[in-house]
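To start, the structure itself, in structure tokens.
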Amino acid sequence: MKNNLSADITLRIKTYENAYKYINIKKRAIEDTYKIPNKVMGTIQDVTALKKSAEDAKRAKISKRATTFVLTIGVCIFLVSEAIIDPFVDVLQMGVLIALSFKGIIALLLKPLETITEKMMIKGAAMK
823 MKNNLSADIT
833 LRIKTYENAY
843 KYINIKKRAI
853 EDTYKIPNKV
863 MGTIQDVTAL
873 KKSAEDAKRA
883 KISKRATTFV
893 LTIGVCIFLV
903 SEAIIDPFVD
913 VLQMGVLIAL
923 SFKGIIALLL
933 KPLETITEKM
943 MIKGAAMK
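Quick note on my numbering: the sequence shown kicks off at 823 and runs consecutively.
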């Protein structure tokens with residue numbers, strides 16, 4: 823006595839960009855005395871799509887954490903430059919230009935530092 827029942831399940835997943843992705847999963851229930859009842863079978867594409875969605879969510883979370891970390895470091899460096907470096911630089915003739923250049927360098931290095939931090943955090947998460 824075999825009775826194969828099938829059903830479609832549609833998942834709605836919200837991505838980091840506030841867009842919705844829809845994933846369709848096919849379910850087949852197998853009722854047999856020798857097999858596990860209500861066994862769920864999905865296609866490889868469904869499983870791959872779910873894995874990709876989970877990885878995207880994990881990557882978005884790590885990216886947010888890296889951005890927060892780098893901006894905190896940037897603010898700390900800016901405050902240190904205001905408190906310690908600027909009093910010494912203001913004495914010089916070209917003090918304003920040097921101070922602005924230093925702050926510009928800090929601003930330009932934030933994005934590469936964020937990218938490096940994000941890659942390191944992703945590698946660390948992959949090792950776990």
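Each residue gets a CB set at the ideal place from its N, CA and C atoms; glycine is no exception.
Residue burial annotation: A871 is buried, with at least 16 other C-beta atoms found within 10 angstroms of its C-beta. Around the C-beta of E839, fewer than 16 other C-beta atoms lie within 10 Å, and the residue is accordingly described as exposed.
In the three-state scheme derived from DSSP, where H, G and I count as helix and E and B as strand, L931 is classed as helix.
K933 is positioned such that its CB atom lies no closer than 8 Å to that of S903. Contact holds between the stretch 930-945 and the stretch 884-898, because three or more Cβ pairs, one in each stretch, are under 8 Å apart. The distance from the Cβ of Y842 to that of I835 is about 7 Å, consistent with a contact at the 8 Å cut-off.
If you draw a straight line from the Cα of M942 to the Cα of V892, it comes to about 13 Å.
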